[in-house]
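Notes for the one structure printed next.
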Amino acid sequence: MTVQRYIISLLGVGMLAIAVGLILHAVVIPGMVHKNSQVRVPDILEYTADDAFEITSSAGLQLRVLRREFHSSLPEGVVIEQFPIAGNLVREGRPLSVVVSKGHFAFRVPMLTGLDQRKAENTIQRESFKVGDVSRLKLEGVGSATVLWQYPASG
Numbered sequence: 016m017t018v019q020r021y022i023i024s025l026l027g028v029g030m031l032a033i034a035v036g037l038i039l040h041a042v043v044i045p046g047m048v049h050k051n052s053q054v055r056v057p058d059i060l061e062y063t064a065d066d067a068f069e070i071t072s073s074a075g076l077q078l079r080v081l082r083r084e085f086h087s088s089l090p091e092g093v094v095i096e097q098f099p100i101a102g103n104l105v106r107e108g109r110p111l112s113v114v115v116s117k118g119h120f121a122f123r124v125p126m127l128t129g130l131d132q133r134k135a136e137n138t139i140q141r142e143s144f145k146v147g148d149v150s151r152l153k154l155e156g157v158g159s160a161t162v163l164w165q166y167p168a169s170g
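Just so you know, our numbering puts 117 at position 102 of the sequence shown, and the rest follows in order with no gaps.
In structure tokens, the structure reads:
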């Protein structure tokens, strides 16, 4: 076999490989990738996570909790965000990501009344709060840096 015939044979094999690749890319792979039908994303906002699981399962989707975070008005266990949003068309079997409420943020405010300002500020910082506005009054019989009133109140 001459070098010229060898090169022509390699070109023929290369062209055949390219043709097979194009056929796979255009016909076979899309059928494999897009074999699932499309479904409409249900609105699961403000449903409990358990109810949201049932609704998404019925729609042919998977429920995935991304994170849990505090919410000012929705109770613990309720869906507060979803992606993709309701109404979109997606492939069946796709995960539907949600953020679930941890409920209202509850905290205990420390008692500061009667403490001197330095101890009050240390207590505030130790409890992961921030010192707000400080007003000063001069009253007879009261130390110059004593906390007389606080807002929010302790408890």
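Virtual Cβ for every residue (Gly too), placed ideally from N, Cα, C.
- Around residue 63, the same chain offers 92, 93 as residues with beta carbons nearer than 7 Å, after the five sequence neighbours per side are excluded.
- The beta carbon of residue 82 sits closer than 7 Å to the beta carbons of 114 from its chain, once the five residues preceding and following it are set aside; these are given in chain order.
- DSSP places residue 59 outside both helix and strand once states are collapsed to three, so it counts as coil.
- As computed with DSSP, residue 79 is found in a beta bridge with 112.
- Under the DSSP assignment, residue 97 falls in the beta strand (DSSP E) whose first and last residues are 94-98.
- In the DSSP assignment, residue 161 is bridged to 131.
- With a beta-carbon spacing of about 18 Å, residue 68 and residue 117 fall beyond the 8 Å limit used to define contacts.
- Here residue 84 carries a strand assignment [DSSP, helix/strand/coil].
- DSSP places residue 18 within a helical segment (H, G or I) once states are collapsed to three.
- Taking C-beta atoms under 8 Å as the contact rule, residue 56 and residue 108 fail to qualify, at a distance of about 13 Å.
- According to DSSP, residue 54 shares a beta bridge with 105.
- Taking each of 30, 120, 111, 162 in turn and checking the Cα distance to residue 87, the smallest one comes out for 120.
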